[in-house]
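Student: Those letters in the sequence shown? Residues 152 to 294, by our numbering.
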Amino acid sequence: MSRGHKLMVGLGAVLIVGMLLVAAFSLGVYVGEHGWTWRGVSLAGPQPAPRPGGGPPPPNLPGLGQPDLVGRVRGVEEGRLSLATPEGPRVVEVADQTRVRTVEGEERPLDVLQPGDLVAVFGHPGDGGRTLVADVLVLLPPR
Numbered sequence: 152m153s154r155g156h157k158l159m160v161g162l163g164a165v166l167i168v169g170m171l172l173v174a175a176f177s178l179g180v181y182v183g184e185h186g187w188t189w190r191g192v193s194l195a196g197p198q199p200a201p202r203p204g205g206g207p208p209p210p211n212l213p214g215l216g217q218p219d220l221v222g223r224v225r226g227v228e229e230g231r232l233s234l235a236t237p238e239g240p241r242v243v244e245v246a247d248q249t250r251v252r253t254v255e256g257e258e259r260p261l262d263v264l265q266p267g268d269l270v271a272v273f274g275h276p277g278d279g280g281r282t283l284v285a286d287v288l289v290l291l292p293p294r
């Protein structure tokens, strides 16, 4: 092997080692920012944080803020409201002091809720944080 060939092989080896170092550094930076799992990766670019309940944003509800849960009524039983949400079925406890309102702010009785109605639930955790107890149910317009 001539001196020129040895020089080219050496230069190629240095280039490959340099590329491996850059790749290792880049991987270290990526893992440091996102971790090892796909949970931190978004192929669609940065997205806003998901809202609790995952449903569509309700119309302007002054004084209430973001709902804890949004879903369609599946059934109304004694002290419980069964909802279909994007995360799957959920059960919300309904107390005597739970109020039902329309988007316009009108008070309604609990028995106006029918299967298929879209509602936003504002409440607090109950039973040690395992359930959601509704304080206010807002009856949203049909979509």
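C-beta: ideal position from N, C-alpha, C; glycine also.
Is it a yes or a no for the segment 218 to 234 touching the segment 259 to 271, going by three-plus beta-carbon pairs under 8 Å?
Tutor: Judged by Cβ distances under 8 Å, the segment 218 to 234 makes contact with the segment 259 to 271, as three or more pairs qualify.
Student: Under the rule that 16 or more other beta-carbon atoms within 10 Å means buried, what is residue 253, buried or exposed?
Tutor: Residue 253 comes out exposed.
Student: Check whether chain B comes within 8 Å of residue 177, counting only Cβ atoms and requiring the distance to be less than that.
Tutor: Of the protein chains in this structure there is only one, and it is not chain B.
Student: What three-state label does DSSP hand residue 182 in the structure shown?
Tutor: Of the three classes helix, strand and coil, the one that applies to residue 182 here is helix, per DSSP.
Student: Mind checking which residues open and close the beta strand (DSSP E) that includes residue 286?
Tutor: Looking at the DSSP string, the run of the beta strand (DSSP E) that includes residue 286 is 282 to 291.
Student: Sorted by chain position, which residues of the same chain lie with C-beta nearer than 6 Å to residue 165's C-beta, five sequence neighbours on each side aside?
Tutor: Excluding positions up to five away in sequence, the list is empty.
Student: In whole angstroms, give me the CA-to-CA distance for residue 173 and residue 179.
Tutor: Their backbone Cα atoms lie some 10 Å apart in a straight line.
Student: In terms of residues, what are the limits of the beta strand (DSSP E) holding residue 226?
Tutor: Segment 220 to 228, the beta strand (DSSP E) holding residue 226.
Student: Within a Cβ cutoff of 7 Å, which residues of the same chain sit near residue 293, ignoring the five residues on either side of it in sequence?
Tutor: 269.
Student: Is the distance from the Cβ of residue 244 to the Cβ of residue 250 below 8 Å?
Tutor: No, these two residues do not count as a Cβ contact at 8 Å.
Student: Name the residue from 284, 168, 220 and 280 whose alpha carbon lies nearest to the alpha carbon of residue 291.
Tutor: If we check each option's Cα against that of residue 291, 220 comes out closest.
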